[in-house]
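Note that our numbering numbers the sequence shown so that position 430 is 448, with each residue one more than the last.
To keep things clear, I will list the structure first and then write my remarks on it.
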Amino acid sequence: MYLELSRQNKVNRQSLFIYLSIFILLILFSSKVFAVNSIDGIRVWPAPENTRIVFDVKQKPDYKYFTLSKPNRLVIDFKNTKNSVALKKLAADDPRVKLFRSSYSKGNTRLVLELAKSYQLTVFPLAPAGQYGNRLVIDLYDKSRSKKILSKPKQSVGDIIIGIDAGHGGEDPGSIGGKGTYEKRVTLAIAKKLQKVINKEKGMKAVMIRSGDYAVDINRRTSLARKKHVDFFVSIHADAFYTPQPSGASVWVVTKRRAESELAKWLVNREKKSELLGGGGGVIKNTSDSHLALALADMSKEHSLAVSFGVANNVIKELKKITKMHKKTPQNGNFGVLKSSDIPSILVETGFISNHKEEKNLTWPKHQQRLANAIHSGIKSHFLAHPLTGSYFASVGYKQHKVRSGESLSVLAQRYNISMSKLKSINDLKSNTLKIGQMLKIPRTS
Ligand SMILES: [Zn+2]
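Written out as structure tokens, the structure is:
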């Protein structure tokens with residue numbers, strides 16, 4: 019009885035398996051006929067001035083789109099495509115898209131985005147890159163954006179404006195550590211801490227280029243900096259390599275020379291890949307500001323480079339005290355975020371996220387604070403020693419000291435209650451040797 023039953027079960031199971039296989043084949047066949055492509059993911063990234071919507075599609079999307087008014091809608095038709103994404107909660111946190119809905123007919127999917135108002139629109143497909151496959155990207159930009167660029171923000175007179183650029187964001191996670199740490203989160207955390215210390219400093223003011231989890235196009239990063247009248251630009255990143263051994267921080271400045279070392283080449287390629295992940299790389303080149311940037315860049319390149327190197331050296335000096343350095347001198351890089359800027363800039367690689375110990379450190383708030391403090395002190399000491407005309411730091415001023423016989427650097431540092439390294443950096447001294455009669459700058463506060 020028992021045997022019979024189990025045999026019976028076996029037969030039933032076999033036939034069920036055959037029916038199922040036919041059924042699955044039919045589904046596969048019909049999907050081949052009606053819908054070969056599918057939408058497998060939709061991500062919405064609200065930013066202060068735009069919203070980016072990313073559709074993950076199995077294959078290169080075949081699409082058309084148009085807008086409708088009263089009420090404002092964006093309609094996207096995906097040909098031969100099925101949608102497998104739940105749409106209900108997608109627009110919950112976005113101020114620009116009120117609702118996503120879809121309809122399906124004859125193998126085609128129509129997606130309708132109900133919008134809060136009408137927006138400037140960019141739509142472009144992206145080829146597979148990094149962790150992502152084919153995508154269709156939609157950017158909804160506030161129309162008042164161009165006006166905002168022209169209007170001058172209110173600033174208190176004499177503040178040095180520091181643009182803080184947290185690397186990556188949104189669609190672009192940057193490098194990912196072994197424990198799953200996203201570079202974009204580390205950079206934003208350090209950037210926010212740096213913003214706080216800078217804003218506490220009299221004579222300095224921070225401007226955030228990215229303040230949340232969204233992508234900012236490379237061109238947009240520099241045009242935002244220009245729009246906000248940034249005097250100095252610092253881009254924050256965390257390094258990665260394909261092996262876990264490399265560790266330590268490094269500071270980069272722009273150069274026309276091509277990256278020479280293998281690591282430098284690899285890093286630059288990685289950043290290029292990131293641009294593609296987050297910003298569409300060469301797809302969006304519509305900012306008129308970049309032309310302005312090029313014209314200005316030639317004029318101020320020399321000055322800009324000198325300031326960049328000056329700050330880079332000071333930041334390295336400070337970073338050395340709290341972390342291992344991967345490179346002890348400023349590195350030359352061709353990073354887009356530095357290259358297109360007429361504003362003196364540095365890029366700080368705060369450590370290697372691909373190194374287990376440093377990945378842990380980079381997520382540790384105390385270490386993030388130390389990194390922020392070091393970057394702040396480095397920038398400050400440069401602008402104290404070389405104050406911008408009209409800045410508060412210039413008004414703080416220095417007293418002069420004429421070196422007399424028997425006075426050494428350490429004696430003077432002690433007398434004026436200032437560290438020897440600070441005294442050296444303010445006076446651009448390469449060695450500890452002083453000459454009788456030499457004039458030294460001493461900060462008035464010491
Ligand atoms: Zn990075």
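Quick reminder that beta carbons are idealized off the backbone N, C-alpha and C, glycines included.
Quick one: using the 10 Å Cβ neighbour count with 16 as the cut-off for buried, is residue i buried or exposed?
| i | result |
| --- | --- |
| K145 | The amino acid at residue 145 is misidentified as Lys; the sequence shows Ala. By the 10 Å Cβ count, A145 comes out exposed. |
| D446 | exposed |
| K398 | buried |
| P89 | exposed |
| R228 | buried |
| S162 | exposed |
| Y260 | exposed |
| G328 | buried |
| P362 | buried |
| Y200 | buried |
| K172 | Because the pLDDT of K172 is 46, which lies under 50, any placement of that residue in the model is unreliable, and the number read from its coordinates should be weighed accordingly. Exposed, because fewer than 16 other Cβ atoms sit within 10 Å of the Cβ of K172. |
| V234 | buried |
| K440 | buried |
| E22 | In this prediction, E22 scores a pLDDT of 45, lower than 50, which makes its location untrustworthy; no coordinate-derived value is stated. |
| L206 | buried |
| S164 | Residue placement at S164 is flagged as unreliable, the pLDDT there being 47, under the threshold of 50; the coordinate-derived value follows with that caveat. Exposed. |
| S33 | exposed |
| P383 | exposed |
| N237 | buried |
| S241 | buried |
| S39 | exposed |
| S358 | Summary for S358: the model assigns pLDDT 49, below 50, so the residue's position carries little reliability, and this model does not support an answer. |
| L312 | With a pLDDT of 39 at L312, under the threshold of 50, the modelled position of that residue is not reliable, and the figure given next carries that caveat. L312 is exposed by the Cβ-count criterion. |
| Y37 | exposed |
Does the Cβ-Cβ distance between residue i and residue j come in under 8 Å?
| i | j | result |
| --- | --- | --- |
| T99 | N55 | yes |
| V115 | T69 | yes |
| G59 | D74 | yes |
| G176 | Y410 | yes |
| W2 | L365 | The structure shown has nothing for residue 2, since the chain only spans 19 to 464. |
| P64 | P113 | yes |
| H394 | V215 | yes |
| G192 | E377 | no |
| K420 | I444 | no |
| H186 | K197 | no |
| S265 | H344 | yes |
| L108 | V62 | yes |
| D183 | V252 | yes |
| A256 | T140 | no |
| G188 | Y150 | no |
| A258 | I371 | yes |
| Q387 | K135 | no |
| I454 | R422 | yes |
| M438 | S449 | no |
| V272 | G351 | yes |
| S120 | N101 | yes |
| N373 | P262 | yes |
Going by CA-CA distance only, name the one from the options that's closest to residue i.
| i | options | result |
| --- | --- | --- |
| G125 | I57, A109, L108, K220 | I57 |
| P348 | K218, L323, I361, K339 | L323 |
| S413 | G221, R244, Y200, K82 | G221 |
| Q138 | L242, N350, Y159 | Y159 |
| G424 | G396, T451, K342 | T451 |
| N152 | L133, I178, K78 | K78 |
| D111 | P66, Q149, N101, L92 | P66 |
| A224 | Q213, Y232, K218 | Q213 |
| H404 | N332, A390, G148, I436 | N332 |
| E336 | F370, V325, N391, L105 | N391 |
| D190 | G148, K211, N217 | G148 |
| T341 | K375, N350, S326 | K375 |
| R91 | G408, G351, F118 | F118 |
| K97 | K76, P383, K245 | K76 |
| G123 | D95, L105, L131, I436 | Note on identity: in this sequence residue 123 is Ser, with Gly being the wrong assignment. Considering only alpha carbons, the answer is D95. |
| K339 | A330, S326, V325, L389 | L389 |
How many whole angstroms separate the CB atoms of residue i and residue j, which I take to be in contact at a CB cut-off of 8 Å?
| i | j | result |
| --- | --- | --- |
| D249 | L406 | 6 Å |
| G181 | A267 | Wrong, their Cβ atoms sit about 20 Å apart, outside the cutoff. |
| F401 | I178 | 5 Å |
| V93 | Y83 | 6 Å |
So within the region 73-107, which uninterrupted beta strand (DSSP E) runs reach at least 3 residues, ignoring any that extend past its ends? Counting whole runs of 3 or more residues, the region 73-107 contains the beta strand (DSSP E) stretches 81-86, 91-96, 99-101.
Report the start-end ranges of each beta strand (DSSP E) in the region 358-431 that is 3 residues or longer and not cut off at the edges. Fully enclosed beta strand (DSSP E) runs of no fewer than 3 residues occupy 363-370, 416-420 of the region 358-431, in order along the chain.
Would you mind listing the beta strand (DSSP E) stretches within the region 232-280 that are 3+ residues and don't spill past its ends, in chain order? The qualifying runs are 250-257, 268-272.
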